[in-house]
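**Student:**
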Amino acid sequence: MNQKQEIFISVDIETAGPIVSEHSMLTLGACLVYQPEIEFLMTLKPISDQAVDAALKISGLTLQQAQADGLAPEEAMAQFATWIANNLPENATPVFVGLNAPFDWSFVNYYFLKYLGENPFGFAALDIKALFMGATGCSWHDTRSSSIDKQLHPTLEGNHDALCDAKYQAELFRLIYQQELYHRPER
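The sequence shown lines up with residues 1080 to 1266 when you count with our numbering.
Here you go:
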């Protein structure tokens, strides 16, 4: 069986709230996990006027700012899909990587399916929190980024900027492997 090469892509988003289709994805940042200098960042126009003040406060974004600076969701997702395709070697498959990946992936998946009809990542994501828990045997509570940082000592930190957070997540993912916390089977 020929197994496709996997290209890990760290993705982070900032939203106007927690409910997919009711709240807007406002920014999306991504980078290749093993080449974080290959990056992508975009702002999207809101799809609704619904927002949770706490979500906007965390990111420092406003719906008005996103409306003025953002791309229409169709264009934004088309650009992201093109960026993914342009950064995949022939016969490779992209793997969505995130810290609390279920949240970020759910918005990205919704936007890809609604506006492009397909998600280049498929129907799954790789969650760094779950990977760390499996690699270390820690409790779920200890998969908070502050707890992971204490063990891995990354040089970057998360700050609720989508691209900065994507790069931070990529570093965490690499550190799990580099510090031999997780032993991959030989291929």
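Glycine included, each C-beta is placed from N, C-alpha and C at the ideal position.
Let me know the secondary structure DSSP gives T1222 once reduced to three states.
**Tutor:** The residue you call residue 1222 lines up with position 143 of the sequence shown. DSSP places T1222 in helix when its eight states are reduced to three.
**Student:** Please report the distance separating the alpha-carbon of L1107 from that of Y1190.
**Tutor:** Within the sequence shown, numbered from 1, the residue matching residue 1107 stands at position 28. Within the sequence shown, numbered from 1, the residue matching residue 1190 stands at position 111. Roughly 11 Å between the two C-alpha positions.
**Student:** Check whether the Cβ atoms of L1231 and K1246 sit closer than 8 Å, and answer yes or no.
**Tutor:** Indexing the sequence shown from 1 puts residue 1231 at position 152. Indexing the sequence shown from 1 puts residue 1246 at position 167. No, the pair does not count as a contact, with Cβ atoms beyond the cut-off.
**Student:** Output needed for N1170: all residues of its chain with C-beta closer than 6 Å, excluding positions within five of it in sequence on either side, in chain order.
**Tutor:** The residue you call residue 1170 lines up with position 91 of the sequence shown. Hits under 6 Å: K1083.
**Student:** Exposed or buried, what is D1183 when buried is set at 16 or more other beta-carbons lying within 10 Å of its beta-carbon?
**Tutor:** Position 104 of the sequence shown, counting from 1, holds the residue named residue 1183. Flag for D1183 reads buried.
**Student:** Name the DSSP bridge partner or partners of H1102?
**Tutor:** Here residue 1102 refers to the residue found at position 23 when the sequence shown is read from its first residue. DSSP output for H1102 lists V1099 as bridge partner(s).
**Student:** Tell me, please, which residues DSSP counts as bridged to D1206.
**Tutor:** Residue numbering aside, residue 1206 sits at position 127 when the sequence shown is read from its first letter. Partner(s): G1177.
**Student:** How is A1109 classed by DSSP in three states: helix, strand or coil?
**Tutor:** Looking up residue 1109 in the sequence shown gives position 30. DSSP places A1109 in strand when its eight states are reduced to three.
**Student:** For T1215, which option in V1099, A1160 and I1255 has the closest C-alpha, if you only look at C-alpha atoms?
**Tutor:** The sequence position of residue 1215 within the sequence shown is 136, counting from 1. Out of V1099, A1160 and I1255, I1255 has the C-alpha closest to the C-alpha of T1215.
**Student:** Is DSSP giving E1197 helix, strand or coil here?
**Tutor:** Taking the first residue of the sequence shown as position 1, residue 1197 is located at position 118. E1197 falls in the coil class under three-state DSSP.
**Student:** Along the chain, where does the alpha helix (DSSP H) that runs through S1127 open and close?
**Tutor:** Translated into positions along the sequence shown, residue 1127 becomes position 48. Note, S1127: premise wrong, no alpha helix (DSSP H); not H, not E.
**Student:** Could you compute how far the alpha carbon of I1086 sits from the alpha carbon of R1223?
**Tutor:** As a first step, residue 1086 must be located in the sequence shown, where it is residue number 7. As a first step, residue 1223 must be located in the sequence shown, where it is residue number 144. Cα to Cα, I1086 sits roughly 25 Å from R1223.
**Student:** Relative to the C-alpha of Q1144, which residue among A1134, A1249 and P1125 is closest?
**Tutor:** In the sequence shown, counting from the first residue as 1, residue 1144 sits at position 65. When each option's Cα is compared against that of Q1144, the closest is P1125.
**Student:** CA-CA distance, R1263 and Y1113?
**Tutor:** Taking the first residue of the sequence shown as 1, we reach residue 1263 at position 184. Taking the first residue of the sequence shown as 1, we reach residue 1113 at position 34. Any reading at R1263 needs caution, since the residue's pLDDT is 49, under 50, leaving its predicted position unreliable; the model's value is listed next. Cα to Cα, the separation comes out at about 16 Å.
**Student:** How is the beta strand (DSSP E) around P1115 delimited, first residue to last?
**Tutor:** As a first step, residue 1115 must be located in the sequence shown, where it is residue number 36. Here the beta strand (DSSP E) through P1115 covers Q1114 to T1122.
**Student:** Thinking C-alpha only, which one of L1105, D1221, K1208 and E1154 is nearest L1195?
**Tutor:** By one-based count along the sequence shown, residue 1195 stands at place 116. Nearest of L1105, D1221, K1208 and E1154 to L1195, Cα basis: E1154.
**Student:** Would T1122 and D1148 qualify as a contact pair, given that the criterion is a beta-carbon distance under 8 Å?
**Tutor:** For this step, residue 1122 is matched to residue 43 along the sequence shown. For this step, residue 1148 is matched to residue 69 along the sequence shown. Their beta carbons are under 8 Å apart, which means T1122 touches D1148 by this criterion.
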